[in-house]
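Data block below; observations after.
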Amino acid sequence: MNFSAPEPVQAGGRARRVDRLMTPVIMACGYSVILFVVMIFVFLGSEGFAALGEVPLGQLFAVRWYPIEAYFGLLPLIGGSLLVTFGAALFSVPVGVLSAVYIAEIAPRWMREILKPVIEILGGLPSVVLGFLGILVLSPFLRQLFNLPTGLTALAGSLLLGAIAIPTIVSVAEDALDSVPRSYRDASLALGATNWQTIWRVTLPAARSGVLTAVMLGIGRAIGETMTVMMVTGNAAVLPEGLGALFAPVRTLTATIAAEMGEVASGSVHYHVLFFIGIVLFLIALVVNVTASLLTQRRESRSERMLS
Amino acid sequence: MVNLALAWAEAYQPAHPEVTLSVTGGGSGTGISALISGTTDIANASRAIKAEELEAAHANGIEPLETVVARDAIAIIVHKDNPVSQLTLQQISDIYTGKLNNWAELGGEDRPIVRLSRETNSGTHVYFLETVLRMGDPASTLLFDPRTLLLPSSEGITSEVRDNPNAIGYDGLGYVTEDVKIIAVAATQADPYVLPSAASVSAGSYPISRDLYIYTNGQPQGALQAFVAWLLSAPAQQIVLDLGFVPVEE
Numbered sequence: 001m002n003f004s005a006p007e008p009v010q011a012g013g014r015a016r017r018v019d020r021l022m023t024p025v026i027m028a029c030g031y032s033v034i035l036f037v038v039m040i041f042v043f044l045g046s047e048g049f050a051a052l053g054e055v056p057l058g059q060l061f062a063v064r065w066y067p068i069e070a071y072f073g074l075l076p077l078i079g080g081s082l083l084v085t086f087g088a089a090l091f092s093v094p095v096g097v098l099s100a101v102y103i104a105e106i107a108p109r110w111m112r113e114i115l116k117p118v119i120e121i122l123g124g125l126p127s128v129v130l131g132f133l134g135i136l137v138l139s140p141f142l143r144q145l146f147n148l149p150t151g152l153t154a155l156a157g158s159l160l161l162g163a164i165a166i167p168t169i170v171s172v173a174e175d176a177l178d179s180v181p182r183s184y185r186d187a188s189l190a191l192g193a194t195n196w197q198t199i200w201r202v203t204l205p206a207a208r209s210g211v212l213t214a215v216m217l218g219i220g221r222a223i224g225e226t227m228t229v230m231m232v233t234g235n236a237a238v239l240p241e242g243l244g245a246l247f248a249p250v251r252t253l254t255a256t257i258a259a260e261m262g263e264v265a266s267g268s269v270h271y272h273v274l275f276f277i278g279i280v281l282f283l284i285a286l287v288v289n290v291t292a293s294l295l296t297q298r299r300e301s302r303s304e305r306m307l308s
Numbered sequence: 001m002v003n004l005a006l007a008w009a010e011a012y013q014p015a016h017p018e019v020t021l022s023v024t025g026g027g028s029g030t031g032i033s034a035l036i037s038g039t040t041d042i043a044n045a046s047r048a049i050k051a052e053e054l055e056a057a058h059a060n061g062i063e064p065l066e067t068v069v070a071r072d073a074i075a076i077i078v079h080k081d082n083p084v085s086q087l088t089l090q091q092i093s094d095i096y097t098g099k100l101n102n103w104a105e106l107g108g109e110d111r112p113i114v115r116l117s118r119e120t121n122s123g124t125h126v127y128f129l130e131t132v133l134r135m136g137d138p139a140s141t142l143l144f145d146p147r148t149l150l151l152p153s154s155e156g157i158t159s160e161v162r163d164n165p166n167a168i169g170y171d172g173l174g175y176v177t178e179d180v181k182i183i184a185v186a187a188t189q190a191d192p193y194v195l196p197s198a199a200s201v202s203a204g205s206y207p208i209s210r211d212l213y214i215y216t217n218g219q220p221q222g223a224l225q226a227f228v229a230w231l232l233s234a235p236a237q238q239i240v241l242d243l244g245f246v247p248v249e250e
């Protein structure tokens, strides 16, 4: 390493030895993350891709999931996960981003001091607790409100997942808004823009990459959530057709793995298919993450152009 | 069956401090998998071991030995306010395969039928598929309607049936609570409609009942043998009865 670090005040031999020791330790920690990801992917791949050899692709992408009779159609599960996550985003993105705007831009200081910890507490709630609330309170309420056959629906899952995603969205988006330089707002207000115009036209666009990251992190959190959706979505493997399916039961990828992994004989076709579901989930999460970083990078290059 | 195992362990443990009993739930398949991998001494199961599980056990050097320790009736349950109070096996099969979709077709109110079932990893699910949906016909390929809700726990089923007047569910009689309605079942239209109870299961008149098993690795030895023998004794079988299961006679 030959970057020029400022000279330490006390460049004693001991300090240098610690420095020499700590650098590789920290480096090893950093690299171990890469190692873990690679190992997880190798493990998932070695167990999951076997499914492709055992189940014809046509059967894997069919609409019937009933593994104990060798029906391995994944479409209803993929559809279920996407529908529940989309429903969660529909409700958590506006609420989350607007809450962040309120906390960062509008709320007086004392209000901010109350809101931030409360939202963090919401983020710390165990998902199984939310699931219980869902079964006992939310699903009977939804059934009566919309006169549904049952309240155990994708909508119940979406609302609870939204509640899980909101704290992530709020805290990351709030950080991003907070880091927009004070001078941007001052300049906008000085030009005669109202408070709302400043937020909507100046602060939010300036923080866009951070806000998008917040949204993607929230969505990622929602896709991977298991316990809550398993408890409240009814787990019926029906292919959702359109948004009306929000009012019907669905079965998600995560709930399927959680419900069935305990039962399968290790090494069986069903076992491999469950790992294949893990790969599908991994790929969905990857798409979300890559989209997020592409959006962020594009924003950076544009702002650089503007500044140069 | 986890209720029963817990009650047994609670009763047995104080008198035998020299042994340590710990009970884990999760479904028959979970227990049998644990026996196969050697992580448990006894697997309780509400269904007989499958051929492929037996094969896997042999491959691991495990010889599962089956003992019937109790019997269980599967109760069909609906909401308290549901006017339907008796069904034939054929009607229950038609409900779960999706042929019947409205309670009016069964003499009830004009309401959609919401079908509830345990998850596919439950021994009860497999038993229900074979005995009720397919009515014991091994050649039948009938399946649960895809709209059937698969709930991960008995509690999930009881709480939905308690709350939702459209719902029908099934569960071991030992799990059924006071606040739901039990349906009387007839094997065929010519047979009498019978409610599940210890008496009707022992007499063989209730059509949806099954044996509950424990599996050990070969003939149990030492402390394990004493425990298995105790399971079949009068005090243990009294616990079986108290929990709503049906005792086996020695």
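These protein sequences, in sequence, are chains P and X.
Sequential numbering from 1 applies to the first sequence in our numbering.
Sequential numbering from 1 applies to the second sequence in our numbering.
Beta carbons are placed, not taken as given, at the ideal position from N, Cα and C, and that holds for glycine.
Cβ pair residue i, residue j closer than 8 Å
i                : j                : result
Ala7 (chain X)   : Leu243 (chain X) : yes
Ile164 (chain P) : Ser127 (chain P) : yes
Gly123 (chain P) : Thr168 (chain P) : yes
Val132 (chain X) : Ile92 (chain X)  : yes
Ala254 (chain X) : Leu4 (chain X)   : One cannot answer for residue 254 (chain X) here, as it falls past the ends of chain X, which runs 1 to 250.
Leu149 (chain X) : Asn235 (chain P) : yes
Val101 (chain P) : Leu177 (chain P) : yes
Ala173 (chain P) : Ala88 (chain P)  : no
Thr305 (chain X) : Thr177 (chain X) : It is not possible to answer for residue 305 (chain X), since the shown part of chain X is limited to 1 through 250.
Ile32 (chain X)  : Ile183 (chain X) : no
Leu281 (chain P) : Leu253 (chain P) : yes
Pro146 (chain X) : Val238 (chain P) : yes
Leu106 (chain X) : Val84 (chain X)  : yes
Pro240 (chain P) : Leu83 (chain P)  : yes
Partner residues on chain X for residue i, Cβ-Cβ distance less than 7 Å
i                : result
Leu152 (chain P) : Leu149, Glu160
Glu69 (chain P)  : Leu143
Gly234 (chain P) : Leu149
Ala237 (chain P) : Pro146
Opening and closing residue of the alpha helix (DSSP H) in which residue i lies
i                : result
Glu174 (chain P) : 154-178
Leu148 (chain P) : Premise fails: Leu148 (chain P) is in no alpha helix (DSSP H) and is neither H nor E.
Ser117 (chain X) : Unbroken run through Ser117 (chain X) is the beta strand (DSSP E), 114-118; no alpha helix (DSSP H).
Ala50 (chain P)  : 50-54
Tyr96 (chain X)  : 89-97
Ser46 (chain X)  : Per DSSP, Ser46 (chain X) belongs to no alpha helix (DSSP H) and is neither H nor E.
Ala255 (chain P) : 253-260
Asp163 (chain X) : 154-163
Expected contact under 8 Å - CB spacing of residue i and residue j to nearest Å
i                : j                : result
Tyr215 (chain X) : Glu66 (chain X)  : 6 Å
Val380 (chain P) : Pro67 (chain P)  : The requested residue 380 (chain P) is not part of the displayed model; chain P covers only 1 to 308.
Tyr175 (chain X) : Ser46 (chain X)  : Wrong, their Cβ atoms sit about 11 Å apart, outside the cutoff.
Ala285 (chain P) : Gly224 (chain P) : 7 Å
Phe257 (chain P) : Ile279 (chain P) : What sits at residue 257 (chain P) in the sequence shown is Ile, not Phe. Going by Cβ atoms, the distance from Ile257 (chain P) to Ile279 (chain P) rounds to 11 Å, so no, they are not a contact pair.
Phe91 (chain P)  : Gly162 (chain P) : 4 Å
Interface partners of residue i on chain P, CB under 8 Å
i                : result
Gly27 (chain X)  : Gly262, Glu263
Glu52 (chain X)  : Ala265, Ser268
Gly172 (chain X) : Correct list: empty, because the minimum Cβ distance to chain P is about 18 Å.
Exposed unless 16 or more other CB atoms sit within 10 angstroms - verdict on residue i
i                : result
Pro24 (chain P)  : exposed
Asn102 (chain X) : exposed
Phe245 (chain X) : buried
Leu246 (chain P) : buried
Arg17 (chain P)  : exposed
Ser233 (chain X) : exposed
Ser37 (chain X)  : exposed
Tyr213 (chain X) : buried
Gln144 (chain P) : exposed
Asn60 (chain X)  : exposed
Pro108 (chain P) : exposed
Asp72 (chain X)  : buried
Ala206 (chain P) : buried
Ser308 (chain P) : Note on Ser308 (chain P): pLDDT 45, under 50, position unreliable in the model; no value is reported.
Ile34 (chain P)  : exposed
Val42 (chain P)  : exposed
Trp110 (chain P) : exposed
Pro17 (chain X)  : exposed
Distance cut-off 7 Å: residue i Cβ against heavy atoms of the ligand MG
i               : result
Pro14 (chain X) : Summarising the ligand content, the structure contains no ligands, and the ligand MG is consequently not present.
Within chain P, the residues that residue i reaches when beta carbons sit closer than 7 Å
i               : result
Val78 (chain X) : Those do not exist, as Val78 (chain X) stays about 14 Å from chain P at its closest Cβ, beyond 7 Å.
Residue range of the beta strand (DSSP E) that includes residue i
i                : result
Ile78 (chain P)  : That residue, Ile78 (chain P), is in no beta strand (DSSP E); its alpha helix (DSSP H) goes 75-101.
Leu65 (chain X)  : 64-78
Arg208 (chain P) : Unbroken run through Arg208 (chain P) is the alpha helix (DSSP H), 208-224; no beta strand (DSSP E).
Val185 (chain X) : 184-186
Amino acids of chain X, ordered along the chain, whose beta-carbon sits closer than 9 Å to that of residue i
i                : result
Tyr66 (chain P)  : Thr120, Leu143, Phe144, Pro146
Ile78 (chain P)  : Within 9 Å Cβ-Cβ: nothing; Ile78 (chain P) doesn't reach chain X, min ~15 Å.
Ala259 (chain P) : Glu119, Thr120, Asn121, Leu150, Pro152
Arg143 (chain P) : Asp163, Asn164, Asn166
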